[in-house]
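**Q**
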Amino acid sequence: MPSIEQQLREFVVNNFLFGQGGDQLSNRDSFLEKGIVDSTGVLELVAFLEEQYQIKIDDEELVPANLDSIDNLVRFIEKKSPTTR
Amino acid sequence: MCGIAGTLNFDGEKINPDLLRQMITMIRYRGPDDINVYTAGPMGLAHARLSIIDLEGGRQPMHNEDKSLWITFNGEIFNYVELRKELVGKGHRFRTQSDTEVLLHLYEEKGEDCVRELNGQWAFAVWDEKARRLFLSRDRMGVRPIFYTVTDRAFVFGSEIKTVLAHPDVGREMDLRALDQIFTFWYTLPPATIFKGIQELPPGHSMTVEDGKVRIRRYWQPGYGRNSGLVTEQDYADRLVELLVDATRLRLRSDVPVGAYLSGGLDSTVITTLIKRFTDTPLKTFSVTFDDPEFDESVYQKEVIRCLETDHQAVRCTHQDIGRFFPEVVWHTEKPVLRTAPAPLYLLSRLVRDNGYKVVLTGEGSDEILGGYDIFKETKIRRFWAAQPDSRIRPLLLKRLYPYLPNLQSQSAAYLQAFFHVKPEDRFDPFFSHIPRWDLTARIKLFFSEGVRSHLKSYDAYEDMRRRLPAEYFGWDGFSQAQYLETAHLLPGYILSSQGDRMAMAHSVEGRFPFLDHRVVEFASTIPPRLKMKVLDEKYILKLAMGNRIPASIKKRPKQPYRAPEAQSFIGGKQPVRHAYVEELLSKERIEKDGIFQPEAVQKLVEKIRGGQTVGIKDNMALVGILSTQLVVDQFIRNFNRRSVDAVD
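Going down the list, the sequences are from chains F and Z.
With the numbering used here, the residue at position 54 of the first sequence is 1443, and numbering never jumps.
With the numbering used here, the residue at position 24 of the second sequence is 1502, and numbering never jumps.
#1: The stretch 1882-1909 of chain Z: which residues have C-beta closer than 7 angstroms to a C-beta of chain F, in chain order?
#2: Counting only Cβ-Cβ distances shorter than 7 angstroms, please list the residues of the stretch 1442-1462 of chain F near chain Z, keeping chain order.
#3: List in chain order: all unbroken alpha helix (DSSP H) runs of 4+ residues lying wholly within the stretch 1975-2049 of chain Z.
#4: If I follow the unbroken beta strand (DSSP E) through His1683 (chain Z), where does it start and stop?
#5: Shorter than 8 angstroms from the beta carbon of Thr2092 (chain Z) to some beta carbon of chain F?
#6: Excluding the five sequence neighbours on either side, which residues of its own chain have a C-beta within less than 7 angstroms of the C-beta of Arg1729 (chain Z), listed in chain order?
#7: Go through the stretch 2053-2103 of chain Z residue by residue and report every complete run of the alpha helix (DSSP H) that reaches 4 residues or more, in order.
#8: Nearest-angstrom Cα distance between Gly2094 (chain Z) and Asn1885 (chain Z)?
#9: With Val1374 (chain F) and Leu1406 (chain F) assumed to form a contact (beta carbons below 8 angstroms), what rounded beta-carbon distance in angstroms separates them?
#10: Closer than 8 angstroms is the cut-off here; do at least three beta carbon pairs connect the stretch 1686-1694 of chain Z with the stretch 1611-1625 of chain Z?
#11: With 16 as the cutoff for other CB atoms within 10 Å, does Phe1952 (chain Z) come out buried or exposed?
#12: At a CB-CB cut-off below 8 angstroms, which residues of chain F make contact with Arg1921 (chain Z)?
#13: Taking only beta carbons into account, state which residues of the stretch 1666-1700 of chain Z come closer than 9 angstroms to chain F, listed in chain order.
#14: Once the 5 residues before and after Ala1526 (chain Z) are set aside, which same chain residues still bring their CB inside 7 angstroms of it?
#15: List the DSSP bridge partners of His1510 (chain Z).
#16: Against Glu1433 (chain F), what residues of chain Z qualify as contacts under a CB-to-CB distance less than 8 angstroms, listed in chain order?
#17: Would Leu1475 (chain F) pass as an interface residue toward chain Z - the criterion being a Cβ-Cβ separation below 8 angstroms?
#18: Within 8 angstroms (strictly less), CB to CB, does Lys1935 (chain Z) reach chain C?
#19: Check whether the Cβ atoms of Glu1964 (chain Z) and Tyr1851 (chain Z) lie closer than 8 angstroms to each other.
#20: Scan the stretch 2045-2066 of chain Z for residues whose Cβ lies nearer than 8 angstroms to a Cβ of chain F and list them as they occur along the chain.
#21: Identify every run of the alpha helix (DSSP H) within the stretch 1925-1973 of chain Z, keeping only runs that are complete inside it and at least 4 residues long; order them along the chain.
#22: Which residues, in order along the stretch 1398-1409 of chain F, keep a beta-carbon less than 8 angstroms from a beta-carbon of chain Z?
#23: Does any C-beta atom of chain Z lie closer than 8 angstroms to the C-beta of Gly1411 (chain F)?
#24: Could you compute how far the alpha carbon of Asp2072 (chain Z) sits from the alpha carbon of Glu1440 (chain F)?
#25: First and last residue of the alpha helix (DSSP H) that includes Tyr1824 (chain Z)?
#26: In the DSSP assignment, find the beta strand (DSSP E) that holds Arg1729 (chain Z) and state where it starts and stops.
#27: Following the continuous alpha helix (DSSP H) through Asn1404 (chain F), name the residue where it begins and the one where it ends.
#28: State the DSSP-derived secondary structure class of Leu1839 (chain Z), mapped to helix, strand or coil.
#29: Roughly how far, in whole angstroms, is the beta-carbon of Met1652 (chain Z) from the beta-carbon of Val2111 (chain Z), given that I think they are within contact range, below 8 angstroms?
#30: Cα separation between Glu1812 (chain Z) and Leu1894 (chain Z)?
#31: In this structure, how does DSSP classify Gln1677 (chain Z) when only helix, strand and coil are distinguished?
#32: Which residues in the same chain as Asn1487 (chain Z) place their Cβ atom closer than 7 angstroms to its Cβ, once the five residues preceding and following it in sequence are excluded?
#33: Any beta carbon of chain F sitting closer than 8 angstroms to that of Ala2079 (chain Z)?
#34: Let me make sure I understand the geometry here. Which of Z:Thr1757, Z:Val2055, Z:Pro2054 and Z:Pro2077 has the alpha-carbon closest to that of Leu2064 (chain Z)?
#35: So which of Z:Ala1524, Z:Leu1547, Z:Pro1539 and Z:Thr1574 has the shortest CA-CA distance to Leu1533 (chain Z)?
#36: Can you confirm whether the stretch 1759-1776 of chain Z touches the stretch 1820-1836 of chain Z when touching is taken to mean that 3 or more C-beta pairs between the two stretches lie within less than 8 angstroms?
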């Protein structure tokens, strides 16, 4: 089974980059600075996380510190859903 | 309103009238009432006429008394009655009652400066037989188009690009820099068009072709910050309404009945009100309604119809209609578009024509000259927030600004700050107002193929735009800078062309725009920004000027930008939609063959939409942009000869 990092990377590359330039996206790259997500993108990301990892994300958690890079996402998911580790 | 075309051979070879006839026939929908050509040795002019003024006498190309000057003219000179009186006083003799003949005599009298006297919307060419000189001019705001190209042997021009492409010496190749511009700004930067080597005469410019040389001269451009000498709010409001009444009155000059578009918004309500209250013209109004309540404004339309008691007709636009008519729409826009918004206007002009009308007045231009667009409000809020980036209250204003964008409502301040570029240093960027929009749009260049990207590696659309700004731009306040970008670029490059002239003329309908009377535009540029937008009340001065003459519900209603259903019109999500041309043009094989986009990326986008996932602004723009680009390639580059046979038949 792919790791959380691999699952998240695949989602971001397919859904926001349409398969383009995934090899140039590092785990630390900011989605905002790279222009990868727009306002709809944040909601798409949240819908994916909630469904994939069976978690509930509160409005206060919708901040770049949780969602703005693959590294941030991995940390956030591991914190929210320790069993997925 | 009409269509024009012409050719001047540099080598002296005689013009073949059949070629001219073929060129003008490509756009006969612009003037189905009459087609004529005039040739004189190496020079030829062609005209397709939509008769509106002097139905009997206004045939073109038209000559002066001694046949030394010939004109082909698309447009209207609204102050022709006054100009004619002056010219008669100076000894000019007229054979017709048309505005065309007035233009011809005015050119005789004033030469190239004649355009400064005109109140109107025009694109015309005058052939001066004695001087062997061709003079062409386009109106100040860019209401009417002229495209041209210079080949080794000839100068070729026409109202639309397809007339120029019909000339056998003209090649058909996409200009990738122009494509980059559209995928950044929504429009090309004049004189570029989406076709390599074909240019447009920019608004407010004239040109001469003489001895094989082309000379282009600007005679007008928007400017801001001049002092009108007025003091109170009421002074400004009174002057505005006085000018608008006169601009509307002049635009009702016609020998055929005149109608009006009614969107349910403030601007078209103002124009309809002015016609009803200040003239005795019987008025028929037309509107488009949508099945989808997200886009529909019929509640407000009904309110205006009830108050003003107009005779009204509406056309209902469905997702299916947009998908079905989109190839025709792109045949008329002649360039890729990132929105489907032209399509409902295509249906609306058909409704007008089917009701026997040829002329409509609309509220176009008000948002640009009086600061009505959300982008002006957004810029004000961003600037206010950027002054105190840590404020928790200020970002809430952005949510209030876009109640119709549900995705924005659930965003945290940190995200809003990033999306809207709210950093203190951003405030000094000359493109501060437009950076969020352009940056977002430019993301869809992700779909460009490797080949296209490599071709564009050294091209920077922002820098290109920056180089074209007038020196004064950098001295204007931020509100005026934003207004300039909207008025000088978006208005002619998209609103008046792709949504305006091209959609109306597709069904032989002429649009007239009182807000774009140059006296109104010049006066509006002197109105202080604080009166255009009072705190966050857009077009405050217009509402003050109209007072109780318009329904209070229209004055108070939240601004809703004109939008139409996008991706779901072509692919559908949960409700599948199928159009054979969409499947063909977006197929992996076709995308690969045309070479502009990355086939795998396009497939993933299509799958995403088909899968019924949430599709945001960016994905919608990408799909519409890719599909319309593929349609341009299909109709203008690959199959132009076949398409032009259809057009001529």
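Even glycine gets a Cβ: it sits at the ideal position worked out from N, Cα and C.
**A** In brief:
#1: Look at the stretch 1882-1909 of chain Z: the residues with a C-beta under 7 angstroms from a C-beta of chain F are Asn1885, Leu1886, Ser1888, Gln1889, Ser1890, Ala1892, Tyr1893, Ala1896 and Phe1897.
#2: Cβ contacts with chain Z come from Asp1448, Leu1451, Val1452 and Pro1453.
#3: The qualifying runs are 1980-1983, 1996-2002, 2007-2010, 2018-2024 and 2030-2034.
#4: Counted as a single uninterrupted DSSP element, the beta strand (DSSP E) harbouring His1683 (chain Z) occupies residues His1683 to Glu1688.
#5: Chain F places a beta carbon closer than 8 angstroms to that of Thr2092 (chain Z), counting this residue as a contact.
#6: If we look at Arg1729 (chain Z) and ignore the five residues flanking it on each side, its Cβ neighbours are Phe1556, Leu1839, Arg1990 and Pro1992.
#7: Inside the stretch 2053-2103 of chain Z, DSSP marks whole alpha helix (DSSP H) runs of 4 or more residues at positions 2058-2063, 2066-2072 and 2077-2088, from first to last along the chain.
#8: Using only the alpha carbons, I get a separation of about 8 angstroms.
#9: Lying outside 1390 to 1474, the shown extent of chain F, residue 1374 (chain F) is not represented and no answer is given.
#10: Contact between the stretch 1686-1694 of chain Z and the stretch 1611-1625 of chain Z is present: 3 or more CB-CB pairs across the two stretches fall below 8 angstroms.
#11: So Phe1952 (chain Z) counts as exposed.
#12: Gly1424 and Asp1427, listed in chain order.
#13: Residues of the stretch 1666-1700 of chain Z with a C-beta less than 9 angstroms from any C-beta of chain F: none at all.
#14: Excluding sequence neighbours, Ala1526 (chain Z) sits near Cys1480, Gly1481, Ile1502, Ile1505, Arg1506, Arg1508, Gly1509 and Ile1513.
#15: Here residue 1510 (chain Z) turns out to be Pro, not His, going by the sequence shown. Z:Arg1527.
#16: Residues of chain Z passing the Cβ test: Gln2091, Thr2092 and Gly2094.
#17: There is simply no residue 1475 (chain F) to check, as chain F begins at 1390 and stops at 1474 in what is shown.
#18: Among the chains of the structure shown, chain C does not appear; the protein chains present are F and Z.
#19: A contact, by the Cβ cut-off of 8 angstroms.
#20: Cβ contacts with chain F come from no residue of the stretch 2045-2066 of chain Z.
#21: Counting whole runs of 4 or more residues, the stretch 1925-1973 of chain Z contains the alpha helix (DSSP H) stretches 1928-1933, 1939-1946 and 1956-1962.
#22: From the stretch 1398-1409 of chain F, only Asn1403, Asn1404, Leu1406, Phe1407, Gly1408 and Gln1409 have a Cβ closer than 8 angstroms to chain Z.
#23: Answer no: the Cβ-Cβ gap between Gly1411 (chain F) and chain Z never drops below 8 angstroms.
#24: When rounded, the distance between both Cα atoms is 38 angstroms.
#25: Tyr1824 (chain Z): member of the alpha helix (DSSP H) spanning Pro1820 to Asp1832, first to last residue.
#26: It is not in any beta strand (DSSP E) - Arg1729 (chain Z) carries neither H nor E in the DSSP assignment.
#27: Ile1393 to Asn1404 is the extent of the alpha helix (DSSP H) around Asn1404 (chain F).
#28: DSSP, read as helix, strand or coil, puts Leu1839 (chain Z) in strand.
#29: Indeed, because the Cβ distance is near 7 angstroms, the residues count as touching under 8 angstroms.
#30: Approximately 36 angstroms between the Cα atoms of the pair.
#31: It is a strand residue.
#32: Excluding residues within five positions, the ones whose Cβ falls inside 7 angstroms are Ile1493, Pro1520, Arg1631 and Ala1632.
#33: Chain F contact via Cβ: present.
#34: Comparing Cα positions, the closest option is Z:Pro2077.
#35: Selected option, being the one with the closest Cα: Z:Thr1574.
#36: By the Cβ rule, the stretch 1820-1836 of chain Z counts as touching the stretch 1759-1776 of chain Z, because three or more pairs are nearer than 8 angstroms.
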